[in-house]
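Chains as they are written, first to last, in the numbering used here: chain A, 1 to 622; chain B, 1001 to 1689. First the structure, in the form of structure tokens, and then the observations on it.
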Amino acid sequence: MDLDPDGIFRDDSDSDDDFFHERESSKEFSVYLVDASPKMFSAAGTHEDDKPESFFHAAVKCILESLQTQIIGRLSDEVAICFFNTREKKNLQDLNGVYVFTVAGRELLDRPTDRLIKEFSNINEFFMDSIGSRYWIEPASRENSLYNALWAAQALLRKGSAKNVAKRILIFTNDDDPFRNISGAAKADMIRTTLQRAKDAQELGISIDLLPLSSKEFNVSAVYAELLGLQREDLPMFLTCSDEKMEDMCNQLRKRMFSKRKVKTLMLVITSGVSIAVNSYALIRPSAPGAIVWLDSVTNRPLKTERSFICADTGALVERPRIHFHEFRGDMVRFTVEELAEIKKVSDGHLHLLGFKPLDCLKDYHNLRPSTFLYPADEEIAGSTCAFVALHRSMLRLHRFAVAFQGSSSHPRLVALVARDEVIGSSGQLEPPGMHLIYLPYSDDVRYPEELRIDAGNPHATDEQIRKASSLLKRIDLKDFSVFQFSNPSLQRHYAALQALALDRDEMPVVKDETLPDEEGMARPGVVRAIEEFKIAVYGENHDEEEAAARGSTTDASKKRKAMYEVALKECAGYDWADLAENGKLKDLTVMELKNYLTAHSLPVTGNKQVLINRILTHLGK
Amino acid sequence: MARNKEDLVLVLDVGPTMHAILPDIEKICTMLVHKKLIYGKSDEVGIVLFGTEETKNDLQIEVGGYLHVTVLQDIKVVADAIVDTLRELPRGTCNGDFLDAIVVGMDMLIKKFGSTNKGKHRICLITNAQHPIKEPDEGSKSDQVNTIGQMMKTYGVRLDCIIVSLKLARSMQQKIVDENVDLLDQFSRNTTSKIVCVDGPTSLLGALRTRNISPVTVYRGDLELGSNMKIKVWVYKKTAEEKFPTLKKYSDKAPRSDKFATHELKIDYEYKNMENLDKIVPPEQRIRGYHYGPEVVPISSAEWEAVKFKPDKSVKLLGFTDSSNIMRHYYMKDVYIFLPEPGNIKAVLAVSSLARAMEEMNKSAILRCVWRQGQTNVVIGVLTPNISSADNMPDSFYFNVLPFAEDVREFQFPSFNNLPASRQPNELQQEASDNLVKMLDLSPPGQLELLKPDLTPNPILQRFYQALDLKSKCPDAEIPRLDANLLRITAPDPGILSEQKSQLDNLRRQFELKDNPKKRKPRTLALTEKPSGSNVEDAAANIKAVEYQNSGASVKVEQIGCSTPLKDFEQMMARRDGSKWVERAIKEMQDHIYGLLENSYKGDNYQKAIECLLALRDGCIQEQEPKKFNDFLHYLYKNQNTLDLRDFFDLLSTKNITLITKAEAPDSDVNMEEAKALLIKNEVVSQDY
């Protein structure tokens, strides 16, 4: 019987990993279906440097960006890039108008490699020559390239079980009605077969998504709504973006390309008898360089790590222990793993609402780990969305946040639920509507280092000083600062170095550290003056001179050091060090005597006697 | 260890008005001593009571006065005996004078330590401050407080006051309390003292700092505003999660007779060749491999060292920005505090003027920090002002780490405004929800904030220390139930819920929430819920796959839903298209019952649970699976403490629902007496409580 309350056989250390990293098992196979019809090559908008760019370019750019993210962070994901409405054909079924792009050493559907990215980034240059563009859905050709594309994609996604792999087809197109050139019964027939093909794919657990490249006049309901199986209520999602700026369109596409991965479904218990289901998403988690594997340096083959438990008393090998102990009053107090799990199980796995507080009760120091995002899910409990939205609105209107207890078995915590309204910018949704779950500290987690400073000598600033600080604030203002505008220099450097080493490049690529302050801006006269005025206001006129003077005068510690140095110099002058070293007599001296030499010559004095002797010998050049 | 040694005198009010809360005070003081026994074995503790009938202190003998102050325990190194002393504090009969008691505590500290070990002496006063202190012979009360404060400063004694404010009947008393709080406040002029007001036992548990962690700086150095302007700051952690203690692994291999056995287990790692598992690869032959796409790139540590990112130690200002640009949910980690360098008036002023200007203009500062030389990453974060409320405390900043571009996943979610009308709340529903938010107010005007994080103890750690104490005395003891005071943290206050019953009923009526039996996962969240969730998803996928196979045939019951569990169970048991259905039916029924019990509020689900349990019992007898039922009942029995099932088991015995006996099913290895015994055992247990 499987009545093992969750996780009791896991180590404590495991739980944190779960929290911070997405599960490796959630694999995703995607096929990017890019329309290559002539229409896609019309100018979409202007880029920063006024060069017109086509819709096709935009699609390629977005796919490239997502490939780059994937190669770094999503090791197990696999992709295939497939063009349709092409002149040439290359696919498993030998269908007209479909071209599956790949590079040597890689299957059609496989993990992205460095080579794929490199060749794909040049595709604009050779596309017309080697692949070509042609519109197929015409009365004369009798071919249905959209149908063919879906069929080819479905064939690519045949591998992998639907159980642990999420399969997706993403269609990039700017044509809302691919069948407009056809009419009569032929059209109806084509639409019917295409829809059937899409339905078949969906029944096999493949989700189909559409990334319309010109949303303003893109009429989703013409063909695609039915093809995607969209409900009427989902339609508005498609009409939020604008294609005025190329940048915005790319942003929009990039966001849509990543499928939402939920962490899990939680029950939010509002009160006994009123529980709603919410999905939780990890929108913000620190990304770290991937895990390392140990290799055999001779063969470069991975090694198998084996862990064994050894009894410290007898040296015997032991099975994974089920009993742990903690010392208390000199005794060993034993706990079984089940008992430890029971201690941690103070509540069921649900989220229990405890009450509401005004927003200013949530202090800046009430934080421990990255927040989790909650969005209602109607699939499990019908009516959840309605109740969630009502609560969300009430909290926003009354300026309250909710306090709740999350009774998860590994990490039960008091949490704050902060409602956030949707924020929409020119590139679409910037902040999603929903609630953010913030992990609150317990009293055991809060420290009070400021209390060490309780003293009479802590003056507060005068109004004049505050005024000067205010004008400084106005000068150095980051107007449109966005929280995640910087990429992590450490991580960038990591992957750049890895790439260089992997491909045996001699030169290390230069990675710009975006996080350094803007030297140029800081050197503007207005800023310099504001800083200078603030400095005089709080530090006084002659601060730099005073500092210099303070540095010049010796402190107690440096006086002591100087005295020690002089003593050591005097002491060590009494020996003929070269001679002692020559005859191997250094070991006859005491450690103190050896240290005198080292101090007198400003060498480190750490280590045991042999280390000290070696250091002296090295210094003497022996 | 000795460096952090603390000398603590507990000064406890045991006067008549305190009697109600004394059991809780006993509890937290015991907890304090327990924690000291683990983390501060050389700490010393003394106990002074005031408001007692009798008088017993040195000062009374030496100079007279100081009536009704009793030294219960002289200052001595923590030991079990102190726990015994605290088990039952004498109930006092007089209204004590807390100032007298503080003086007695001070006297004990000074006599024992003089001016050694300064700054590590602490007096902790717990009182409700409801009674005025007596007028001094000369000067005013506040003069007296100042004199004592001076003494405290000289000898480096800190004062923590915890004022328990229970509901006051008369406004007259409120005046006295205010006067007393003012007096205690005066201490903070001269000394390190702190006053915390608590509203009840839960926050009392959190208010007393039971473990002393001396703060360590993360960074000492310049906060660079520009190349020309620097502020000397010290950075500390403001919050840091106190983790569940790591227990050592126990080995029972040592012979019983070996008195010096350590019983410890060592963990050993071996790296083996994949092809030849007998071959162990020595450490010098190992090399790290880094994933890059499908490739694994071997890189030696020397090579890696050469190309690693190595920023210089510094804290630099990037600029200021409107606080509204940085939303609360972007805070990534535990929080730091930036304090001006101690003793540096210029730094104090610079921090103070910046902080106040930021507060006024609603701005935050963005910093780039490298705390240590040799650190391989940088931190981008936001600095927010923390204006000090007290005159003698410097202004400071809180610092929160912000995410990098790589750390954010920009998922898109449908807008609430575009939802179809069926998923939007109507006016009545919105009103009910508004009322809920107003009703469950944890910070009612004019009262103390409830469940303040700063005063809310970690229920799991509390429970662990209780269990540790219990098990050290009696190794077979069961894990204690969660203390009633700690239940306030994990579940809403039943008092408020019953007070507002009509409002809640209205809420329940307004929102129609229906389980979706088709999509709904088996109600096993509590049983199989794993943070990773992989199993659950697999199960869901399984079910889907099965559905797919069976589509076309008439809809068969494959799950036990919440609406008609009994019917679903019968139908599943009756399915003959596979032996797995019986097993699954039993499993799901068990999960369903467990779910019912777990979500039961004051036993409201017991009736349903009993019906289901009966059906399960009959089913198990019929299918000759007595063990499945018996194991489950045992399991429930074992978990009755966590689930609060005592009443449920009482109900079972009245209904005579027992384990399945041999007479009923030949496979069972339980005879009649044993079956009865389980329930009787329970009755005995419940009488104990």
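Using N, Cα and C, we set each Cβ at its ideal position, and we do this for glycine too.
Use the C-beta contact count for residue i: other C-beta atoms within 10 angstroms, 16 or more gives buried, fewer gives exposed.
i                       : result
residue 1590 of chain B : buried
residue 292 of chain A  : exposed
residue 1116 of chain B : exposed
residue 1040 of chain B : buried
residue 1093 of chain B : exposed
residue 1446 of chain B : exposed
residue 1018 of chain B : buried
residue 1474 of chain B : exposed
residue 190 of chain A  : buried
residue 493 of chain A  : buried
residue 1622 of chain B : exposed
residue 1492 of chain B : buried
residue 126 of chain A  : exposed
residue 1379 of chain B : buried
residue 1429 of chain B : buried
residue 434 of chain A  : buried
residue 180 of chain A  : exposed
residue 1239 of chain B : buried
Using only alpha-carbon positions, find the residue among the options that is nearest to residue i.
i                       : options                           : result
residue 1385 of chain B : B:1361, B:1368 and B:1404         : B:1361
residue 348 of chain A  : A:69, A:413 and A:361             : A:413
residue 589 of chain A  : A:566, A:119 and A:610            : A:610
residue 1494 of chain B : B:1094, B:1440, B:1377 and B:1104 : B:1440
residue 1110 of chain B : B:1148, B:1097 and B:1092         : B:1148
residue 568 of chain A  : A:591, A:343 and A:578            : A:591
residue 152 of chain A  : A:317, A:327 and A:194            : A:194
residue 441 of chain A  : A:367, A:27 and A:600             : A:367
residue 363 of chain A  : B:1349, B:1335, B:1370 and B:1263 : B:1335
residue 1241 of chain B : B:1056, B:1220, B:1457 and B:1278 : B:1457
residue 445 of chain A  : B:1209, B:1611 and B:1307         : B:1209
By how many angstroms is the C-alpha of residue j removed from the C-alpha of residue i?
i                       : j                       : result
residue 295 of chain A  : residue 1292 of chain B : 15 angstroms
residue 1192 of chain B : residue 1328 of chain B : 32 angstroms
residue 274 of chain A  : residue 483 of chain A  : 36 angstroms
residue 346 of chain A  : residue 1600 of chain B : 15 angstroms
residue 467 of chain A  : residue 1342 of chain B : 25 angstroms
residue 12 of chain A   : residue 1376 of chain B : Legend: pLDDT at residue 12 of chain A = 37, less than 50; position of this residue unreliable, value from coordinates given subsequently. Between residue 12 of chain A and residue 1376 of chain B, the C-alpha separation is close to 27 angstroms.
residue 42 of chain A   : residue 53 of chain A   : 8 angstroms
residue 268 of chain A  : residue 1511 of chain B : 14 angstroms
residue 1636 of chain B : residue 1594 of chain B : 8 angstroms
residue 1564 of chain B : residue 1080 of chain B : 56 angstroms
residue 104 of chain A  : residue 212 of chain A  : 31 angstroms
residue 137 of chain A  : residue 1583 of chain B : 54 angstroms
residue 1231 of chain B : residue 1194 of chain B : 28 angstroms
residue 78 of chain A   : residue 1410 of chain B : 21 angstroms
residue 1009 of chain B : residue 1389 of chain B : 27 angstroms
residue 1674 of chain B : residue 1255 of chain B : 35 angstroms
residue 297 of chain A  : residue 1298 of chain B : 8 angstroms
Checklist entry - Pairing CB atoms from the segment 391 to 399 of chain A with CB atoms from the segment 1432 to 1449 of chain B, are three or more of them under 8 angstroms? => result yes
Checklist entry - What runs of the alpha helix (DSSP H), each 4 residues or longer, lie entirely inside the segment 1302 to 1366 of chain B? => result 1345 to 1361
Item to check | Whole beta strand (DSSP E) elements within the segment 64 to 115 of chain A, 3-residue minimum | outcome: 78 to 84 and 98 to 101
Next on the checklist: Between the segment 1062 to 1071 of chain B and the segment 1083 to 1101 of chain B, can you find at least three pairs of beta-carbon atoms closer than 8 angstroms?
Outcome noted: yes
Checklist entry - Is the segment 1453 to 1469 of chain B touching the segment 1175 to 1189 of chain B in the sense that three or more CB pairs, one from each, lie closer than 8 angstroms? => result Remark: fewer than three beta-carbon pairs, one from each stretch, lie closer than 8 angstroms, so the segment 1175 to 1189 of chain B and the segment 1453 to 1469 of chain B are not flagged as touching.
Item to check | Those runs of the beta strand (DSSP E) which lie wholly inside the segment 1093 to 1126 of chain B and span at least 3 residues | outcome: none
Next on the checklist: Count Cβ pairs between the segment 276 to 288 of chain A and the segment 371 to 378 of chain A that sit closer than 8 angstroms; are there 3 or more?
Outcome noted: yes
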